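Each residue of the sequence shown is one higher than the one before, counting from 1 in full-length UniProt numbering. A virtual CB, placed ideally from N, CA and C, is assigned to each residue, including glycine. Predicted model, so just to flag it, every value in this text is computed and none were measured. Everything below concerns the one structure shown next.
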Amino acid sequence: MAMALANATNRNPPTTAQRDVTANITGNEESVVTFVSSLKRPRASLSEEEEKGSDQYKTLPEPTNLHIQLRFQLARFKNVYRIVRVPLNYTFANLHTLIQFVFGWNNSHLHQAQVYSHVQMYSGNYRKGEIKKCGRRPPMPTSENEDDIMYWEHFGPRDLPVYKVVKRRREKKTKYGFWDEFDPVEVKEDAELTLGEVWNDDETKNVSGGECKNAEIGIKYEYDLGSSWDIHITIDGDRHIIEAERPSNTPVIRKAKGAPPIEDASEQEIIFENDAAYKTVPKEFYDVETFLRYLRGEIRTTAGEEALEIKERRRP
């Protein structure tokens, strides 16, 4: 039971209220059930307009010869990762769909991504594939107001992303006229940004404008906001940009280890499921046709108790 509780806290970092529940746990099963139930998150609901726009997540771009090999690391879960060769013209909408597929999630929660420069990775095998530090400081404000300058010096963020990427951009409403200078992050929609605009074979043309090498560029993808399943995306290997002989618009999964904990798991599932790092991945997962069937809605992937599972979708 104690192991189940530890897994539950690892999967969803508890809020203050949840910590209070934890403090009152006396070892009886009823208390554990109460705690686990409090970790649930509401599902995302799509409007009719959003449903119509969902094709951008299912439609692949034109075939291309240029691909990039990336590591997708499930943060805080050692040895749960994917190495995937991805077409460089994939938008963040395509990227979102790919992540849902390779990690066995059901796209029922909100998501967002942030593109960072000045990335530093954890060294060695400790938290391998995870970003340790990243981001940049905004430029000094042009305002001559001393309070603005003081705010920038003492309270201004020092780890800003280059882009924040969301499903739908909303108009920014700010209380202070100078606020944009302290929050200069450009917001893009999923379909507006491609991987080729983040990483480039000519590093002077990557998202940092040449300030950083491709190895110092990374993406933090967050799914189930607030509960936070985090995927850190960085280049894999020195020869990370590959020019293929034949153009293609499908990803190639090179390596896959482990699988996430069960999404929206019941307390019983949490107790009995395997450690994430020891979950297995089926051979057909590596077949390109499997991803195409996923896009067509014929199958779904899900993180089960012992493995990443591929299941046929029920037809009406």
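In the DSSP annotation of this structure, the continuous segment of the alpha helix (DSSP H) that includes Asp55 starts and ends at Asp55 to Lys58.
Membership of Glu189 in any alpha helix (DSSP H) is not indicated; the residue belongs instead to the beta strand (DSSP E) covering Glu186 to Glu189.
For Val102, no beta strand (DSSP E) segment is defined; the enclosing uninterrupted segment is the alpha helix (DSSP H) at Phe92 to Phe103. Here Thr204 is exposed, its C-beta having fewer than 16 other C-beta atoms within 10 Å.
Across the structure, Asp190 and Tyr163 are spaced so that their CA atoms are roughly 11 angstroms apart. Its chain contains Tyr223 as the residues whose beta carbon lies nearer than 6 angstroms to that of Trp229, once the 5 sequence neighbours on both sides are disregarded; these appear in chain order. Taken in chain order, the unbroken stretches of alpha helix (DSSP H) that lie wholly in the stretch 209–290 and span 4 residues or more are 267–272. Distance check between Arg169 and each of Leu225, Gln112, Val119 and Pro161 places Gln112 closest, using alpha-carbon atoms only.
The C-beta of Lys283 has fewer than 16 other C-beta atoms within 10 Å across all chains shown, which makes the residue exposed.
Where Pro87 is concerned, the enclosing beta strand (DSSP E) starts and stops at Tyr81 to Pro87. Beta-bridge partners assigned by DSSP to Lys78: none are found. DSSP places Arg300 within a strand segment (E or B) once states are collapsed to three. For Arg293, the three-state secondary structure derived from DSSP is helix. By the criterion of a C-beta distance shorter than 8 angstroms, Ile299 is surrounded in its chain by Thr290, Arg293, Ile310, Lys311, Glu312 and Arg313, once the five residues flanking it on both sides are discounted. Measuring C-alpha to C-alpha distances from Val80 to each of Arg71, Asn214 and Leu98 identifies Arg71 as the nearest. When rounded, the separation of the alpha-carbon atoms in Ile219 and Tyr116 is 6 angstroms. Taking 4 residues as the shortest admissible run, the stretch 110–142 contains no complete alpha helix (DSSP H) segment at all. Relative to Ala93, the option among His67, Val165, Gly135 and Leu74 whose CA is nearest is Val165.
Proximity to Met121 across Val281, His232, Thr97 and Val252 peaks at His232, based on C-alpha coordinates. Inclusion of Leu295 and Lys58 in the CB contact set at 8 angstroms is warranted, their separation being smaller than that value. Counting the other Cβ atoms within 10 Å of the Cβ of Asp236 gives 16 or more, which makes it buried. When DSSP states are grouped into helix, strand and coil, Leu160 belongs to the strand group. Comparing C-alpha distances from Tyr90 to each of Arg239, Gln56 and Leu74 shows the shortest one belongs to Gln56.
For Lys311, the enclosing beta strand (DSSP E) covers residues Leu308 to Glu312. Counting only residues of its own chain and dropping the five nearest sequence neighbours on each side, Tyr278 has a CB closer than 8 angstroms to the CB of Gly258.
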